[in-house]
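Engineer: Just passing along the structure, written as structure tokens.
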Amino acid sequence: MADLRSDTVTRPTAGMRAAMAAAEVGDDVFGDDPTVIALERQVAGLFGHEAALFTPTGTMANQIALQLVVPRGGELLAGGDAHVVAYELGAAAALGGISTRTWPSVGAALDVDQIDAMIRPAGYPSVPTRAIAVEQTHNLGGGTVISLETLRGLRAVADRAGAALHCDGARIWHAHIADDVPLDVYGRLFDTLSVCLSKGLGAPVGSLVIGSAEKIAEARVIRKRLGGGMRQVGILAAAGSYALDNHLSRLAEDHARAWRLAKALEPFGVIEADRVRTNLVPLDLSAAKLDAPSLAAAAAERGVLIAAMLPRTARLVTHLDLTDSDVEKAASVLGELLS
Ligand SMILES: *Cc1c(COP(=O)(O)O)cnc(C)c1O
Numbered sequence: 001m002a003d004l005r006s007d008t009v010t011r012p013t014a015g016m017r018a019a020m021a022a023a024e025v026g027d028d029v030f031g032d033d034p035t036v037i038a039l040e041r042q043v044a045g046l047f048g049h050e051a052a053l054f055t056p057t058g059t060m061a062n063q064i065a066l067q068l069v070v071p072r073g074g075e076l077l078a079g080g081d082a083h084v085v086a087y088e089l090g091a092a093a094a095l096g097g098i099s100t101r102t103w104p105s106v107g108a109a110l111d112v113d114q115i116d117a118m119i120r121p122a123g124y125p126s127v128p129t130r131a132i133a134v135e136q137t138h139n140l141g142g143g144t145v146i147s148l149e150t151l152r153g154l155r156a157v158a159d160r161a162g163a164a165l166h167c168d169g170a171r172i173w174h175a176h177i178a179d180d181v182p183l184d185v186y187g188r189l190f191d192t193l194s195v196c197l198s199k200g201l202g203a204p205v206g207s208l209v210i211g212s213a214e215k216i217a218e219a220r221v222i223r224k225r226l227g228g229g230m231r232q233v234g235i236l237a238a239a240g241s242y243a244l245d246n247h248l249s250r251l252a253e254d255h256a257r258a259w260r261l262a263k264a265l266e267p268f269g270v271i272e273a274d275r276v277r278t279n280l281v282p283l284d285l286s287a288a289k290l291d292a293p294s295l296a297a298a299a300a301e302r303g304v305l306i307a308a309m310l311p312r313t314a315r316l317v318t319h320l321d322l323t324d325s326d327v328e329k330a331a332s333v334l335g336e337l338l339s
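Numbered according to full-length UniProt numbering, the sequence shown spans residues 1 to 339.
Next comes the structure, spelled out in structure tokens:
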């Protein structure tokens with residue numbers, strides 16, 4: 001099987017397993033797991049922030065961050081197809097008491113003026129906008145990258161409004177590689193960030209929330225409240241540190257493979273290859289004879305797994321565990337089904 005459903009399907013490599021087995025551990029709820037402390041320092045440093053906190057999932061990292069920047073009853077602005085809005089089961093409202101308002105789904109092509117115009121000032125009885133969340137890279141936008149210029153514009157808007165800026169950076173690593181923007185340049189634009197180690201970087205588990213020392217101290221309390229206080233979790237943090245040291249720069253390979261895959265499928269009218277900048281390849285099946293679930297089922301019978309994201313949108317993802325021949329096989333199987 002060539003599994004292109006997601007970059008979460010990767011399995012730990014032998015080197016990563018060795019690093020996990022050798023990890024020095026302690027009880028992280030007591031704050032004395034040296035491997036977790038090292039990873040948190042490493043990641044905070046990479047993003048130019050004071051502190052970071054290890055969490056089991058990206059969803060928990062996002063939700064902790066949102067609770068840090070939006071008080072109960074406050075408002076968050078985000079894209080309508082953002083992970084924090086569309087794929088976290090209403091957690092912002094259910095757990096954080098956060099009211100959400102969305103701008104129309106446009107992936108990474110944000111309209112800063114439109115977001116600016118949506119901001120509501122504090123004042124009874126309106127709901128004050130307390131934070132804006134963006135996604136880098138944008139998942140449903142097809143791995144698109146928000147430009148530094150747009151992010152700087154958004155930072156200025158947030159500053160004028162006294163609102164915080166959060167980045168769902170599950171795949172910010174890919175933006176860093178694709179646009180050659182240092183991670184700390186991204187980091188300094190945001191009050192809080194979440195990052196995933198278990199996507200393109202290939203760790204089995206793990207995300208982090210990043211922010212000021214004060215915010216991360218508060219984050220530690222929220223994480224425990226959510227049931228995310230873990231004990232000898234250095235075993236997992238070791239996988240994350242290994243991933244950062246060994247799997248970050250190789251993401252360029254995944255991007256090149258994703259582009260080649262898109263180029264091979266371009267003749268079928270389902271994608272423009274030059275819009276593929278990172279490791280996600282969204283297929284627009286609106287004019288195809290197969291919808292996304294049918295294409296995914298037919299491809300699976302031929303040994304290629306892909307994700308049906310929406311009725312007429314399928315997604316292919318390149319990652320660490322694929323070979324060139326997996327990618328060629330995916331291109332030829334999908335080409336055959338689409339022709
Ligand atoms: C995967 C992902 C997350 C976090 O998901 P978990 O499965 O909870 O780790 C957050 N945001 C985006 C954009 C993602 O793709």
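By construction, the Cβ of each residue, glycine as well, lies at the ideal position given by its N, Cα and C atoms. Source: prediction; values computed, not measured.
Just checking, does the region 4-21 make contact with the region 307-327 on the three C-beta pairs under 8 Å criterion?
Structural biologist: Yes, the region 4-21 touches the region 307-327.
Engineer: Are Asp284 and Val270 close, meaning C-beta to C-beta below 8 Å?
Structural biologist: Counted from its first residue, the sequence shown places residue 284 at position 284. Counted from its first residue, the sequence shown places residue 270 at position 270. Yes, the Cβ-Cβ distance between Asp284 and Val270 is below 8 Å.
Engineer: On the DSSP bridge assignment, give the partners of Ala239 in chain order.
Structural biologist: Taking the first residue of the sequence shown as position 1, residue 239 is located at position 239. Answer is none; Ala239 lacks a bridge partner.
Engineer: Please report the distance separating the alpha-carbon of Ala38 from that of Leu148.
Structural biologist: As a first step, residue 38 is located in the sequence shown; it is residue number 38 there, counting from the start. As a first step, residue 148 is located in the sequence shown; it is residue number 148 there, counting from the start. When rounded, the distance between both Cα atoms is 29 Å.
Engineer: Going by Cα to Cα distance, which pick from Ile98, Pro125, Gly141 and Arg72 is closest to Pro104?
Structural biologist: Residue mapping note: residue 104 aligns to position 104 of the sequence shown, counting from 1. It is Gly141.
Engineer: Closer than 7 Å: is that where the CB of Ser105 sits relative to any heavy atom of ligand 1?
Structural biologist: Along the sequence shown, read from residue 1 onward, the residue named residue 105 stands at position 105. Not under cutoff, so the answer is no.
Engineer: Any heavy atom of ligand 1 closer than 7 Å to the beta-carbon of Ala258?
Structural biologist: Sequence index remark: in the sequence shown, residue 258 carries index 258 (1-based). Every heavy atom of ligand 1 is 7 Å or more from the Cβ of Ala258, so no.
Engineer: Strictly by DSSP, which residues pair up with Thr313?
Structural biologist: Here residue 313 is taken as the residue at index 313 of the sequence shown, counted from 1. DSSP lists Asp284 and Leu310 as partners of Thr313.
Engineer: Please report how far the alpha carbon of Pro293 lies from the alpha carbon of Thr313, in whole angstroms.
Structural biologist: Reading the sequence shown from its first residue, position 293 is the one you call residue 293. Reading the sequence shown from its first residue, position 313 is the one you call residue 313. Rounded to the nearest angstrom, the two C-alpha atoms are 9 Å apart.
Engineer: Can Gly58 be considered in contact with ligand 1, in the sense that its beta carbon sits closer than 7 Å to one or more heavy atoms?
Structural biologist: Working through the sequence shown from its first residue, we reach residue 58 at position 58. At least one heavy atom of ligand 1 is nearer than 7 Å to the Cβ of Gly58, so yes.
Engineer: My output table needs one value for Ser207: the three-state DSSP class, helix, strand or coil.
Structural biologist: As a first step, residue 207 must be located in the sequence shown, where it is residue number 207. It is a strand residue.
Engineer: Classify Phe190 as buried or exposed, calling it buried when 16 or more other Cβ atoms lie within 10 Å of its own Cβ.
Structural biologist: For this step, residue 190 is matched to residue 190 along the sequence shown. Looking at its Cβ environment, which holds 16 or more other Cβ atoms inside 10 Å, Phe190 is buried.
Engineer: With a Cβ-Cβ cutoff of 8 Å, do His83 and Asp7 count as a contact?
Structural biologist: Against the sequence shown, residue 83 aligns to sequence position 83. Against the sequence shown, residue 7 aligns to sequence position 7. No, Cβ-Cβ distance for His83 and Asp7 is not below 8 Å.
Engineer: At the level of alpha carbons, what is the spacing between Ser123 and Val70?
Structural biologist: Counting from one through the sequence shown, the residue named residue 123 turns up at place 123. Counting from one through the sequence shown, the residue named residue 70 turns up at place 70. Reading off the sequence, residue 123 comes out as Gly, not Ser. Their Cα atoms are separated by approximately 16 Å.
Engineer: If you run the structure through DSSP and keep just helix, strand and coil, what is Val181?
Structural biologist: Looking up residue 181 in the sequence shown gives position 181. Val181: coil per DSSP, three-state reduction.
Engineer: If contacts are defined as beta-carbon pairs under 8 Å, then Phe47 and Leu183 qualify, I think. What distance do you get, rounded to the angstrom?
Structural biologist: Translated into positions along the sequence shown, residue 47 becomes position 47. Translated into positions along the sequence shown, residue 183 becomes position 183. That belief holds up - the Cβ atoms of Phe47 and Leu183 are roughly 5 Å apart, short of 8 Å.
Engineer: Mind checking whether the beta-carbon of Ala139 lies closer than 7 Å to any heavy atom of ligand 1?
Structural biologist: The count along the sequence shown starts at 1 and reaches residue 139 at position 139. For clarity, residue 139 is Asn in the given sequence; the question names Ala instead. Yes; taking the cut-off as 7 Å, the Cβ of Asn139 has a heavy atom of ligand 1 nearer than that.
Engineer: Along the alpha helix (DSSP H) that carries Glu218, what are the first and last residues, could you check?
Structural biologist: Here residue 218 refers to the residue found at position 218 of the sequence shown. Ala213 to Arg225 is the extent of the alpha helix (DSSP H) around Glu218.
Engineer: At which residues does the beta strand (DSSP E) containing Leu53 begin and terminate?
Structural biologist: Numbered from 1 along the sequence shown, position 53 holds the residue referred to as residue 53. Where Leu53 is concerned, the enclosing beta strand (DSSP E) stretches over Ala51 to Thr55.
Engineer: Comparing the CB of Cys196 with every heavy atom of ligand 1, is any distance shorter than 7 Å?
Structural biologist: Here residue 196 refers to the residue found at position 196 of the sequence shown. Result yes, Cβ under 7 Å from ligand 1.
Engineer: Is it the case that the CB of Asp254 approaches a heavy atom of ligand 1 more closely than 7 Å?
Structural biologist: On the sequence shown, position 254 is the one that residue 254 refers to. Incorrect: Asp254 has no Cβ contact closer than 7 Å to ligand 1.
Engineer: Smallest Cα separation from Asn62: which of Arg231, Asn246, His166 and Val29?
Structural biologist: For the purposes of this step, residue 62 is identified with residue 62 of the sequence shown, where counting begins at 1. Checking every option, the nearest Cα to that of Asn62 belongs to His166.
Engineer: Roughly how many whole angstroms lie between the Cα atoms of Ala213 and Ser286?
Structural biologist: By 1-based counting over the sequence shown, the position of residue 213 is 213. By 1-based counting over the sequence shown, the position of residue 286 is 286. C-alpha separation (whole angstroms): 47 Å.
Engineer: On the three-state DSSP scale, how would you describe Thr102?
Structural biologist: On the sequence shown, position 102 is the one that residue 102 refers to. Residue state, collapsed to three classes: strand.
Engineer: Among Gly187, Asn139 and Leu316, which residue has its Cα nearest to the Cα of Ala258?
Structural biologist: Your numbering for residue 258 matches position 258 in the sequence shown. The candidate whose alpha carbon is nearest that of Ala258 is Leu316.
Engineer: In the DSSP assignment, what are the bridge partners of Thr192?
Structural biologist: One-based indexing of the sequence shown puts residue 192 at position 192. Partner(s): His166.
Engineer: Helix or strand or just coil, what does DSSP make of His176?
Structural biologist: Numbered from its first residue, the sequence shown carries residue 176 at position 176. Three-state result, His176: helix.
Engineer: Per DSSP, Thr129 is paired with what?
Structural biologist: Translated into positions along the sequence shown, residue 129 becomes position 129. According to DSSP, which records beta bridges pairwise, Thr129 is partnered with Glu75.
Engineer: Cβ atoms of Gly206 and Ala178: under 8 Å apart, would you say?
Structural biologist: For the purposes of this step, residue 178 is taken as the residue at position 178 of the sequence shown. For the purposes of this step, residue 206 is taken as the residue at position 206 of the sequence shown. Contact flag unset, no.
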